[in-house]
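Step one of this worksheet: look at the structure below.
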Amino acid sequence: MSATSDKPNALAARLISLLGDEAVFWKGYDLRLYEYDAALETARPETVVFPTSTEEVAAVVKLCNELDVPFTARGAGTGLSGGAIPARRGVLVCFTRMNRILEVDEANLTALVEPGVVNLHLSEAVRHLGLQFVPDPSSQRSSTIGGNVGENSGGPHTLAYGVTTNHVLGLEAVMPDGEVVWLGGKTATPGAYDFVGVLVGSEGMLALVTKVLVRLVPLSEHGATLLAAFDSVAVASKAVSAVIAAGIVPAALEMMDRLATQAIEASVHAGYPDGAGGVLLVDFEGFKEEVEESITAVAAICRDHGALQVREAASQKERALLWAGRKGAFGAMGRLSPNFYTMDGVVPRTRLTEVLNGVDRVSEEMGLPIANVFHAGDGNIHPLVLFDEDEDGVMERVHEAARRILELCTQAGGSLTGEHGIGLEKQGMVPLQFSAADVEVMRRMKLAFDPRELCNPGKMFPTPGQCLELTATGSRLSGW
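Just so we're aligned, residue 3 is where the sequence shown starts under my numbering, counting upward by one.
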């Protein structure tokens, strides 16, 4: 080892002078731990910093501007599109030490939190007040509020309550030049530009969020869960459409196919029926009489659509176990395969059957098992492509399978993403959904906030070297 290898480089040294030794990682081993999130792409930062205040974040951003160094925000690293890895290296700003709940305003049903607060921890902290934070991604035990804001995360119970943007009232943010601003607040500001709405879902490309003012929702008087098993996902999908068409909007409406339920049962022992081609979980919240009425109506619809089994969770313990299975589905995939690739597309509910049949064809043609776990109520599908990375040439097939699946979604009138974002993963597929003019408008928005392109650069927008240049029919173009 050389004499200089134990000394921080010039960038790390400047950052240490701002934050101290314990708040800056610069050694190779440490950096390797932060070169990935939960997606397939990797990119190693030059340094990782752990600020503990807005002032420290602003100081880091100002230094990056002085040195012309890119910077990227990171929460818990649970993202599934490569949005929190530093595509152009530079400084990775990790918010895990900014994890305080600063205020709970019971009268106004709000909470002010730092971005590193874990999603589930907020609901646990306010449960004794009869309140909750509704957005509940499957990663809620580890994902952070800041990351949820960046990706506009959803989850099973956002069918009735909305996604993250519907529950964020205000933001404190460090702009790309280091200026600290406050956007939104506890009271509505009619007539003003909705910059909070712009930042939520912007994948950390417009600013670094340092505080989040969220809306809290009272816990429901009563809750219940219905399980319905079907011969196939296609049949179950028709039941889903019938439920919504009947004017019933449950709190959650989730589905898993046979492959997914096999893995879940092996891992969680949730009590899902053996051999069912499609398992539907329907959650209800509200007044007891209203919930009971909805359960009766949905159970009848499921039976009318050929359900093999319909049952209500007999206790809160059984209800919690059924949902533990659904929330643990991604982690259970290790029972089936060494690796898996999580897709995230959206399709109209009425075209779920068509698209899922297409996913089955992709699985067969590419020789890759695909398990399906998805938010059936709002058409947000999550096909899980199973593979072994040690198999020669398998990554090319995995990426081709992903491209075909997202093409199916856009051709059906859907979207490239419902909650996981574009990031690095899908930037080459953007032309499947957006025209060159659409992308130019989004680029202008990016440049209005970040004219030097230092804030999480290299994400979302397709580049000539890696853009698939696809039309909606999949034919290749020479370029935009």
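Cβ atoms here follow ideal geometry from the backbone N, Cα and C, with glycine treated the same way. Nothing here was measured: the structure is a model prediction, and the numbers come from that model.
Please determine if the stretch 198-215 and the stretch 288-300 are in contact, where contact requires at least 3 C-beta pairs separated by less than 8 Å. no
Identify whether H159 lies in helix, strand or coil by the three-state DSSP scheme. The residue you call residue 159 lines up with position 157 of the sequence shown. DSSP places H159 in coil when its eight states are reduced to three.
Which residues in the same chain as L201 place their Cβ atom closer than 8 Å to its Cβ, once the five residues preceding and following it in sequence are excluded? Here residue 201 refers to the residue found at position 199 of the sequence shown. Taken in chain order, the residues that qualify are V151, L173, A175, L185, L208, A209 and V211.
Use the C-beta contact count for A278: other C-beta atoms within 10 angstroms, 16 or more gives buried, fewer gives exposed. Here residue 278 refers to the residue found at position 276 when the sequence shown is read from its first residue. Counting Cβ neighbours within 10 Å, A278 comes out buried, since at least 16 surround it.
Mark V165 as exposed unless 16 or more other C-beta atoms lie within 10 angstroms of its C-beta, in which case mark it buried. Taking the sequence shown and counting its residues from 1, the one referred to as residue 165 is at position 163. The residue in question, V165, is buried, as its Cβ has 16 or more Cβ neighbours within 10 Å.
Which residues in the same chain as E367 place their Cβ atom closer than 7 Å to its Cβ, once the five residues preceding and following it in sequence are excluded? Your numbering for residue 367 matches position 365 in the sequence shown. Closer than 7 Å at Cβ, skipping near neighbours: no residue.
Could you give the first and the last residue of the continuous alpha helix (DSSP H) run that contains H123? Counting from one through the sequence shown, the residue named residue 123 turns up at place 121. Segment N121 to V128, the alpha helix (DSSP H) holding H123.
Give me the Cβ distance between V115 and V219, rounded to the nearest whole Å; I'm assuming they're in contact under 8 Å. As a working mapping, residue 115 is identified with position 113 in the sequence shown. As a working mapping, residue 219 is identified with position 217 in the sequence shown. Not a contact, Cβ separation roughly 15 Å.
Candidates P117, A45 and L21, of which the one nearest E153 by Cα: Start at 1 with the first residue of the sequence shown, and residue 153 comes out as number 151. For the residues P117, A45 and L21, the minimum Cα distance to E153 belongs to P117.
State the DSSP-derived secondary structure class of I246, mapped to helix, strand or coil. If you number the sequence shown from 1, residue 246 lands on position 244. DSSP places I246 in helix when its eight states are reduced to three.
Going by the CB atoms, is the gap between K188 and N557 shorter than 7 Å? The displayed coordinates of the chain run from 3 to 482. Any statement about residue 557 would go beyond what the structure contains.
Once you ignore the five residues that flank A404 on each side, which residues in its own chain have a CB closer than 7 Å to its CB? The residue labelled residue 404 in the question sits at position 402 within the sequence shown. Cβ within range, chain order: Y343, M345 and V387.
Compute the beta-carbon to beta-carbon distance between R399 and L370, rounded to the nearest angstrom, for a pair I have assumed lies under 8 Å. Here residue 399 refers to the residue found at position 397 of the sequence shown. Here residue 370 refers to the residue found at position 368 of the sequence shown. Right, their Cβ atoms sit about 6 Å apart.
Can you give me the C-alpha to C-alpha distance between P275 and A78, rounded to a whole angstrom? Residue 275 sits at position 273 when you count from the first residue of the sequence shown. Residue 78 sits at position 76 when you count from the first residue of the sequence shown. Between P275 and A78, the C-alpha separation is close to 34 Å.
On the DSSP letters alone, give me the boundaries of the alpha helix (DSSP H) that C457 sits inside. As a first step, residue 457 is located in the sequence shown; it is residue number 455 there, counting from the start. First-last for C457: undefined, no H or E at that position.
What distance in whole Å lies between the Cβ atoms of L418 and G333, which are believed to be in contact at a cut-off of 8 Å? Your numbering for residue 333 matches position 331 in the sequence shown. Your numbering for residue 418 matches position 416 in the sequence shown. The Cβ separation is near 25 Å, so there is no contact.
Length of the line joining the Cα atoms of E24 and G92: Residue numbering aside, residue 24 sits at position 22 when the sequence shown is read from its first letter. Residue numbering aside, residue 92 sits at position 90 when the sequence shown is read from its first letter. One C-alpha to the other measures close to 19 Å.
When burial is assigned at 16 or more other CB atoms within 10 Å of the CB, is R353 buried or exposed? Start at 1 with the first residue of the sequence shown, and residue 353 comes out as number 351. R353 comes out buried.
If you pair each beta-carbon of the stretch 298-306 with each one of the stretch 134-150, do three or more pairs fall below 8 Å? no
In or out: Y163 buried (at least 16 other Cβ within 10 Å) or exposed? On the sequence shown, residue 163 is found 161 positions in, with the first residue counted as 1. Burial call: buried.
Need the endpoints of the alpha helix (DSSP H) that M368 sits in, please. To locate residue 368, count along the sequence shown from 1; it is residue 366. From DSSP, the alpha helix (DSSP H) with M368 extends over L354 to M368.
Segment contact flag, the stretch 76-90 with the stretch 30-46, C-beta cutoff 8 Å, min 3 pairs: yes
Can you check which of these residues, H159, L65 and A301, is closest to A238 by C-alpha distance? As a first step, residue 238 is located in the sequence shown; it is residue number 236 there, counting from the start. Of the listed residues, the one whose Cα sits closest to A238 is A301.
DSSP state of T146, grouped into three classes? As a working note, residue 146 is residue 144 in the sequence shown. Note: T146 maps to strand in three-state DSSP.
Beta-carbon within less than 8 Å of T6's beta-carbon, same chain only, minus the 5 sequence neighbours each way: which residues are those? If you number the sequence shown from 1, residue 6 lands on position 4. Summary for T6: the model assigns pLDDT 45, below 50, so the residue's position carries little reliability; its value from the coordinates is reported in the next sentence. Cβ within range, chain order: n/a, list empty.
So for T419, helix, strand or coil by DSSP? Here residue 419 refers to the residue found at position 417 of the sequence shown. Residue state, collapsed to three classes: coil.
Are the stretch 322-336 and the stretch 267-274 in contact at 8 Å, needing three or more beta carbon pairs? yes
Quick check: L122 and Q142, are their CB atoms within less than 7 Å of each other? By one-based count along the sequence shown, residue 122 stands at place 120. By one-based count along the sequence shown, residue 142 stands at place 140. Contact: yes.
Using only CA atoms, which one of D362, E402, V396 and G416 lies nearest to D380? Working through the sequence shown from its first residue, we reach residue 380 at position 378. Checking every option, the nearest Cα to that of D380 belongs to G416.
Return yes when at least one heavy atom of the ligand COA lies under 6 Å from the C-beta of Q429, else no. This structure simply doesn't include the ligand COA, nor any ligand for that matter.
Compare the C-alpha of A450 against each of T112, P252, L35 and D179 and name the closest. Stepping through the sequence shown from its first residue, residue 450 is reached at position 448. Checked all of T112, P252, L35 and D179; the closest Cα to A450 is D179.
Cutting at 7 Å between CB atoms, please list the residues of its own chain near R90, excluding the five before and the five after it. For this step, residue 90 is matched to residue 88 along the sequence shown. These residues qualify, in order along the chain: P72, P459 and G460.
Rounded to whole angstroms, what's the CA-CA distance from A378 to V242? Just pull it up for me. Residue mapping note: residue 378 aligns to position 376 of the sequence shown, counting from 1. Residue mapping note: residue 242 aligns to position 240 of the sequence shown, counting from 1. Each residue's Cα considered, the two are about 7 Å apart.
Using CA coordinates, which residue listed in H401, F52 and G430 is at the minimum distance from S365? The residue labelled residue 365 in the question sits at position 363 within the sequence shown. Answer by Cα proximity: H401.
Are the beta-carbon atoms of A414 and V361 separated by less than 7 Å? For the purposes of this step, residue 414 is taken as residue 412 along the sequence shown, with counting starting at 1. For the purposes of this step, residue 361 is taken as residue 359 along the sequence shown, with counting starting at 1. No, they are not a contact pair.
Grouping DSSP H, G and I as helix and E and B as strand, with all else coil, what is N168? What you label residue 168 is simply residue 166 of the sequence shown in a count that begins at 1. Helix.
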